[in-house]
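In full-length UniProt numbering, the protein residues as written are 1 to 587.
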């Protein structure tokens, strides 16, 4: 642009040095021309002896002035005519002066002065630098050539703003070097990015036109310059030093143009608008681009959760829970089981080396960064496992009486649910998905050892054994005599009675309905049996559930004859010739 590019550095008659015993100020140029509104740098260095009269030299004050009285100098920095427009360069004996936004009234002789701690150690660089400031009278117009001879070239036209001036001859300069003269028009077939052209009236090089040039690499920036957060207002800025002034276009990552202005505005920026943007600055002499990256920060989105393996999970296997969320910056993740935290970190994974049925339950993860947090949907973890040791029970749990309804129950923790098989002394009774085995009317024959086997596709296990005690009234007693052969008087004889009963029966022996003996043994003993013991015997078996009599047992006793009984018949007188019977009988 005219202001930034019209600054003048030393344009004068060579290098001038003033010194006195190693004191001095050097002005590379003593005459400088500059245009109104531009800026100028007056280059300068100064020197002084490091020691004098055994004393080190210290610089106490440095300044520039253009106004003075016999005994005072007005520092430009304190001169209201230059307020806010003057800068001094310092360091390494540099005393360069910069004046911005030049005015015609700034035309003057400028001198640098410094003072030290030495006696007489004050020095002013003479004769100073003469600055001439003038209005820019010459301008260059840039356009496409209308000349048949140069149909594709760029045409530069030099013209004066002073309509009263005579039409002068012009001299054209490229990068400070004269290329042609006495032509108002100049045609360019090509134009380098770093090329600068200006024109001057012949004999007035000092007051040349502002240079024309293609845009320099743009300066791009984003506002605010701190982190960009979703939903905030953001402005992209682009500026480029160019003459003629540049036109600007904003693009995103090889996309269509977004804006034809030097600024592009997001009223509420979204994460999808992150990426690389570039600005193109273009004028009739060329174009240049610069890129800038926008990184929009935002809170985590709803996390995605998954379990691996995704098929059925079997106890003892390795299982990984994974949580991921779109977030910027990347989220930290915390896994929870039923609201209890398990693990927090950036990975998003929670690993079970050997999963257990105890790990079954509801899981979710929380994704968070400094801009917010969010919980995932819940994930129910089903753990499949072989049946645990079954629990078995009998109902009713009190004593079981023959004829009553009895249910055996079997349950086992398993996933999937176990099939249960009931066994009595290793003989299968029932196999079905249910858990119960029912006796509608239990019998004493059902007494015994029972267990159940629970199984699914992952394994099986037997319950502990259950002994079923069935209480019943005595069954028909079995009776016997020992010895079982003929019984001889005087021998030892035992009558035995037994009956199936629960609880065990109490027995009572009877002889022809007369009670002989009652007790648990069921035996009646004759130490020396007598013929008097001959007769019908039976036993009664009984418990709290009932009683029953055995069949009768007839006891035959063999013994020797007793003293015979003899008789005669008739018992009266016996007359010869009559019929007489003699009778003999013995037991």
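We put the beta carbon where it would ideally sit given N, CA and C, even for glycine.
What does the alpha-carbon distance come out to for the pair residue i and residue j?
i           : j           : result
residue 307 : residue 377 : 13 Å
residue 568 : residue 532 : 29 Å
residue 303 : residue 334 : 11 Å
residue 582 : residue 566 : 7 Å
residue 66  : residue 261 : 43 Å
residue 509 : residue 478 : 12 Å
residue 549 : residue 492 : 25 Å
residue 197 : residue 269 : 43 Å
residue 523 : residue 587 : 29 Å
residue 295 : residue 323 : 23 Å
residue 50  : residue 57  : 5 Å
residue 362 : residue 321 : 12 Å
residue 407 : residue 341 : 45 Å
residue 397 : residue 450 : 15 Å
residue 355 : residue 444 : 47 Å
residue 352 : residue 385 : 15 Å
residue 463 : residue 426 : 12 Å
residue 395 : residue 336 : 42 Å
residue 446 : residue 542 : 21 Å
residue 292 : residue 365 : 36 Å
residue 389 : residue 553 : 54 Å
residue 112 : residue 206 : 23 Å
residue 68  : residue 173 : 39 Å
residue 440 : residue 534 : 47 Å
residue 160 : residue 223 : 41 Å
residue 17  : residue 84  : Here the model assigns residue 17 a pLDDT of 42, short of 50, so the residue's position is not dependable and the matter cannot be decided.
residue 411 : residue 456 : 13 Å
Where do the ends of the beta strand (DSSP E) carrying residue i lie?
i           : result
residue 562 : From DSSP, residue 562 is part of no beta strand (DSSP E); its letter is neither H nor E.
residue 309 : Element bounds for residue 309: n/a, residue is neither H nor E.
residue 341 : 340–345
residue 140 : 138–144
residue 515 : 514–519
residue 535 : 535–543
residue 460 : 459–462
residue 98  : 97–99
residue 88  : 86–88
residue 438 : 436–439
residue 257 : 257–259
residue 481 : 478–482
residue 47  : 45–47
residue 264 : 263–266
residue 523 : 523–526
residue 510 : 506–511
residue 59  : 59–65
residue 393 : 391–395
residue 74  : Residue 74 -> no beta strand (DSSP E), and no H or E assigned at all.
residue 572 : Element bounds for residue 572: n/a, residue is neither H nor E.
residue 253 : Where residue 253 is concerned, there is no enclosing beta strand (DSSP E), given that its DSSP letter is neither H nor E.
residue 185 : 185–188
residue 388 : Element bounds for residue 388: n/a, residue is neither H nor E.
Run through the DSSP bridge pairs and tell me what residue i is partnered with.
i           : result
residue 32  : 131
residue 546 : 543
residue 292 : 277
residue 228 : 296
residue 554 : 536
residue 402 : Answer is none; residue 402 lacks a bridge partner.
residue 361 : 381
residue 55  : 52
residue 423 : 428 and 451
Our contact map puts residue i next to residue j with C-beta atoms below 8 Å; I'd like the distance itself, whole angstroms only.
i           : j           : result
residue 474 : residue 546 : 7 Å
residue 328 : residue 298 : 5 Å
residue 374 : residue 300 : 5 Å
residue 37  : residue 97  : About 18 Å; that fails the 8 Å criterion.
residue 369 : residue 339 : Actually they do not touch by this definition, with Cβ atoms about 22 Å apart.
residue 35  : residue 134 : 6 Å
residue 520 : residue 459 : Actually they are not in contact, since the Cβ atoms of residue 520 and residue 459 sit about 49 Å apart, beyond 8 Å.
residue 33  : residue 62  : Contact flag wrong, Cβ pair sits at about 26 Å.
residue 131 : residue 107 : 6 Å
residue 555 : residue 481 : 7 Å
Quick check: the region 240–252 against the region 199–215, are there 3 or more CB pairs under 8 Å?
Yes, they touch.
If we count Cβ pairs, one from each stretch, closer than 8 Å, do we get three or more for the region 273–286 versus the region 309–318?
Flag = no, the region 273–286 and the region 309–318 do not touch.
Report yes or no: do the region 483–503 and the region 416–429 share at least 3 C-beta pairs separated by less than 8 Å?
Fewer than three pairs of CB atoms, one per stretch, sit closer than 8 Å, so the region 483–503 makes no contact with the region 416–429.
Pairing CB atoms from the region 534–546 with CB atoms from the region 504–521, are three or more of them under 8 Å?
Verdict: yes, contact present.
At least 3 beta-carbon pairs within less than 8 Å: the region 233–240 vs the region 192–212:
The region 233–240, when compared against the region 192–212, does not touch it at the 8 Å Cβ threshold.
How about the region 496–505 and the region 451–468: do they share at least three Cβ pairs that are nearer than 8 Å?
Look at the beta carbons and you see the region 496–505 not touching the region 451–468: under three pairs across the two are nearer than 8 Å.
The region 67–83 contacting the region 132–146, beta-carbon criterion three pairs below 8 Å
Contact between the region 67–83 and the region 132–146 is absent, because fewer than three Cβ pairs lie under 8 Å.
With three or more beta-carbon pairs closer than 8 Å as the criterion, would you say the region 153–161 touches the region 184–192?
With the cut-off at 8 Å, the region 153–161 and the region 184–192 touch.
Pairs of beta-carbons, one from the region 83–90 and one from the region 113–126, closer than 8 Å: are there three or more?
Flag = no, the region 83–90 and the region 113–126 do not touch.
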